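S.K.: One structure coming up, written as C-alpha cells, with questions to follow.
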Amino acid sequence: MTTLVAVTQTPTRPGTGGIDTIALPQRFDVHEISRFESMVAERVIAGELLAIDASEVRHLDRSAMDCLIATRLRCMDHGGDLALVATSVAARVILELSGRYEALNPIDGMDRQDEAAFGEAAA
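Under the numbering used here, think of the first position of the sequence shown as 2, with each following residue one higher.
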C-alpha cells in the first residue's frame, strides 16, 4: 500500500488571509505527523484558516488525531482556526468513536452555513 503525501491543494502565501486546504493521506498516522506539522507550521503562526481535507483518509491512529487537535488549538492561539472538511466515512467513524470528531470543527457537505461562516472569517 502506498501512502499519499499531505499536499497543499490551494496554496496561498502565509499571512494573506486566505484559507489553505491541506489534504491528508489515506493512512494518516504517527509516520506522517512530522510531514504534516512542517507543512502547517508557518500557516499556524501566521494565523491562517486551515481547511483539512480528509476525503481520502482510510486510517487514523491516536497520535494523528491528537496532532490534528493540537494543531487546531495552536491555530486558535494565533488568531486562526482549523476545520475538517470533506471527511471520508472511515475517518468520520474513527473520529466519532474516539469522541474527537466535534473537536476538529467539522464541516460536512450538507452544512453550507458553517462553510460560509468559516469562509467569511478569512475575509
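The C-beta atom is built at its ideal place from N, Cα and C for all residues, glycine as well.
Just so you know, these numbers come straight off a predicted model, no measurement behind them.
#1: Among the residues of its own chain, which have a CB less than 6 Å from the CB of LEU69, if the five just before and after it don't count?
#2: According to the neighbour-count rule (16 or more other Cβ atoms, all chains shown, within 10 Å of its Cβ), is ASP109 buried or exposed?
#3: According to DSSP, is THR3 helix, strand or coil?
#4: For chain D, is any of its Cβ atoms less than 8 Å away from the one on GLU57?
#5: Identify whether LEU25 lies in helix, strand or coil by the three-state DSSP scheme.
#6: Are the Cβ atoms of ARG136 and ASP21 separated by less than 8 Å?
M.R.: In short:
#1: LEU105
#2: exposed
#3: The predicted model places THR3 with a pLDDT of 30, which falls under 50 and marks its position as unreliable; any figure quoted below should be read in that light. DSSP places THR3 in coil when its eight states are reduced to three.
#4: Given the protein chain composition of this structure (a single chain), no chain D is represented.
#5: coil
#6: Only positions 2 to 124 of the chain appear in this structure, which leaves residue 136 out of reach.
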